[in-house]
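Just below is one structure, and these are the notes that go with it.
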Amino acid sequence: MKYPAVLNFDEILPQLDQFDTIIDARSESEFALDHLPGAINCPVLNDEERILVGTTYKQVNAFEAKKIGAPLVARNIAHHIETLWQDKPRDWKPLVYCWRGGNRSGSMAHILAKVGWPVVQLDGGYKAYRAYVAAALENPAPVPFRVICGTTGSGKSRLLETLAGIGAQVLDLERLAAHRGSVLGNLPDEPQPSQKRFESLIWDTLRKFDMSKPVFVESESKKVGNLRVPDAVMAMMRSSPCVSLMLSRANRVRLLIEDYDHFMKDPALLNAQLDHLVQLHGREKIGAWHELANTGRMAELVDQLLVDHYDPAYLRSIDRNFLRFGDAQVLEMSDIGKDDFIKAAHTLHGA
1 MKYPAVLNFD EILPQLDQFD TIIDARSESE FALDHLPGAI NCPVLNDEER
51 ILVGTTYKQV NAFEAKKIGA PLVARNIAHH IETLWQDKPR DWKPLVYCWR
101 GGNRSGSMAH ILAKVGWPVV QLDGGYKAYR AYVAAALENP APVPFRVICG
151 TTGSGKSRLL ETLAGIGAQV LDLERLAAHR GSVLGNLPDE PQPSQKRFES
201 LIWDTLRKFD MSKPVFVESE SKKVGNLRVP DAVMAMMRSS PCVSLMLSRA
251 NRVRLLIEDY DHFMKDPALL NAQLDHLVQL HGREKIGAWH ELANTGRMAE
301 LVDQLLVDHY DPAYLRSIDR NFLRFGDAQV LEMSDIGKDD FIKAAHTLHG
351 A
């Protein structure tokens with residue numbers, strides 16, 4: 001094969017996990033929004049340089065833009081080779097892409113090929129990859145989901161984490177979305193990814209599964225924080241067999257206090273989130289909940305939130321949205337220790 005080889009994503013996908021390095025030649029802000037699985041960011045033009053070249057292209061002409069861009073591109077590629085790839089052997093096989101498979105990835109692929117490496121360039125770039133992922137999520141292959149249902153605090157996320165730890169196939173949408181899926185679900189110091197990144201993570205997770213075995217997933221709503229679960233994936237989840245996870249309310253309160261420790265330590269942060277519930281519960285009740293938070297009566301507050309907010313919302317939605325919940329396998333847990341979740345996970349994984 002002649003290098004650089006320019007291949008479309010359909011040709012690359014079967015060997016995607018076999019490349020030694022996947023190189024995203026776009027700027028750092030483009031990379032942050034989304035990128036191919038496992039890619040590293042090695043900008044041919046960084047954000048500032050890309051703006052300079054683009055402005056020159058629009059305000060002057062393409063020739064002047066290329067005169068400015070060429071030395072920047074050359075210096076940046078040289079820097080990446082010197083600092084990242086100087087020790088790579090002759091058979092090191094990288095995949096390179098940019099936005100549309102044009103000059104940025106083409107320049108890098110050309111130089112890497114001249115060194116002697118068997119480099120592959122993605123034809124159509126990230127844009128072609130993104131089109132593939134969008135199409136795959138619009139019409140996904142059937143996934144044998146088993147949906148873990150249960151009221152807030154029943155340990156669904158802990159059970160998914162434990163299932164993954166014993167080797168079960170798990171699609172943990174809340175982990176991928178960096179959000180716990182409720183009004184109190186945002187994670188401190190961990191912003192949610194972009195919608196495109198979220199979809200890439202879902203696609204990449206699903207593509208690695210053996211579809212002859214169950215895939216465990218939580219009974220999410222259509223949105224996890226600010227991110228939307230792809231419609232076709234959600235439709236499959238809602239028509240799949242269910243597991244009803246049961247835990248006493250006292251244990252659910254304990255579990256939530258453990259899992260939401262950051263709120264328990266910062267009443268002001270908790271109260272700011274509770275303010276989002278004013279339209280549902282009125283200022284008087286929210287004020288009473290503020291008082292419980294401010295005086296450290298967290299167990300009482302969590303219990304009231306379960307009784308007055310979370311449980312009624314769950315009961316209103318679960319039968320309507322998950323069609324097979326009426327026939328769900330019931331899984332009762334007596335406590336919230338690590339061994340309790342391991343036992344529950346083995347019960348499901350062995351079923």
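So in the UniProt record's numbering, spot 172 of the sequence shown is number 172, and the numbers just go up one at a time. Ideal Cβ positions, reconstructed from N, Cα and C, are used throughout, including at glycine.
Among the options, whose alpha-carbon lies nearest the alpha-carbon of residue i?
{"i": "PRO230", "options": "ILE51, LYS213, GLU199", "result": "GLU199"}
{"i": "ARG254", "options": "VAL243, LEU301, LEU270", "result": "LEU301"}
{"i": "ARG320", "options": "LEU72, PRO43, SER221", "result": "SER221"}
{"i": "THR83", "options": "ARG104, TYR97, CYS42", "result": "CYS42"}
{"i": "GLN121", "options": "LEU13, LEU201, ILE51, ALA134", "result": "LEU13"}
{"i": "MET108", "options": "THR347, TYR3, LEU245", "result": "TYR3"}
{"i": "ASN294", "options": "LEU269, TRP92, ALA62", "result": "LEU269"}
{"i": "HIS290", "options": "GLN304, ASN271, ARG297", "result": "ASN271"}
{"i": "HIS349", "options": "LEU331, ILE336, GLY337, ASP335", "result": "LEU331"}
{"i": "VAL44", "options": "HIS281, HIS110, LYS88", "result": "HIS110"}
{"i": "LYS114", "options": "ALA78, VAL147, PRO142, PRO140", "result": "ALA78"}
{"i": "LEU245", "options": "SER317, LEU256, ALA344", "result": "ALA344"}
{"i": "THR21", "options": "VAL53, PRO37, ASP10", "result": "PRO37"}
{"i": "ARG130", "options": "GLY101, VAL53, ARG158", "result": "GLY101"}
{"i": "CYS98", "options": "GLY282, ARG50, TRP92", "result": "ARG50"}
{"i": "ILE68", "options": "ILE81, HIS80, GLU48, ASP340", "result": "GLU48"}
{"i": "VAL233", "options": "VAL147, LYS156, LEU247, TYR260", "result": "VAL147"}
{"i": "TRP92", "options": "GLY125, GLN18, SER248", "result": "GLN18"}
{"i": "GLY296", "options": "ASP261, ASP335, PRO267, TYR132", "result": "PRO267"}
Would you list the one or two residues that DSSP bridges to residue i?
{"i": "SER244", "result": "CYS149, VAL330"}
{"i": "PRO94", "result": "THR21"}
{"i": "ASN139", "result": "According to DSSP, ASN139 bridges with nothing at all."}
{"i": "LYS223", "result": "ARG228"}
{"i": "GLU218", "result": "ILE148"}
{"i": "ALA5", "result": "VAL120"}
{"i": "VAL170", "result": "PHE216"}
List the whole-angstrom C-beta distance separating residue i from residue j, where the pair is believed to meet the contact cut-off of C-beta under 8 Å.
{"i": "TRP203", "j": "LEU137", "result": "6 Å"}
{"i": "PHE145", "j": "SER240", "result": "4 Å"}
{"i": "ALA39", "j": "ASP24", "result": "4 Å"}
{"i": "LEU306", "j": "GLY153", "result": "7 Å"}
{"i": "LEU173", "j": "VAL224", "result": "5 Å"}
{"i": "ARG26", "j": "ARG90", "result": "Not quite, the Cβ-Cβ distance comes to about 27 Å (not below 8 Å), so this is no contact."}
{"i": "ILE257", "j": "MET211", "result": "38 Å between Cβ atoms; not a contact."}
{"i": "PHE31", "j": "THR162", "result": "Between THR162 and PHE31 the Cβ distance is about 33 Å, and since that is not below 8 Å, they are no contact."}
{"i": "GLN195", "j": "HIS179", "result": "The pair is not a contact, with the Cβ atoms about 13 Å apart (cut-off 8 Å)."}
State buried or exposed for residue i, treating a residue as buried only when at least 16 other CB atoms are found within 10 Å of its CB.
{"i": "LEU112", "result": "buried"}
{"i": "VAL116", "result": "The sequence shown places Gly at residue 116, not Val. The residue is exposed, with fewer than 16 neighbouring Cβ atoms inside 10 Å."}
{"i": "LYS58", "result": "exposed"}
{"i": "SER29", "result": "exposed"}
{"i": "VAL243", "result": "buried"}
{"i": "ARG75", "result": "exposed"}
{"i": "ALA328", "result": "buried"}
{"i": "GLU284", "result": "exposed"}
{"i": "HIS276", "result": "exposed"}
{"i": "GLN279", "result": "exposed"}
{"i": "THR55", "result": "exposed"}
{"i": "ASN208", "result": "Looking at the sequence shown, residue 208 is not Asn but Lys. When all chains shown are included, LYS208 counts as exposed."}
{"i": "VAL60", "result": "exposed"}
{"i": "ALA63", "result": "The amino acid occupying residue 63 in the given sequence is Phe; Ala does not appear at that position. PHE63 should be labelled exposed."}
{"i": "GLY337", "result": "exposed"}
{"i": "MET236", "result": "buried"}
{"i": "GLN169", "result": "buried"}
{"i": "ARG175", "result": "buried"}
{"i": "LEU315", "result": "exposed"}
(Q) For a minimum of 3 consecutive residues, which ranges assigned as the beta strand (DSSP E) are wholly contained in the segment 225-300? (A) 242-246
Q) In chain order, which alpha helix (DSSP H) runs of at least 4 residues are fully inside the segment 32-84? A) 47-59, 62-80
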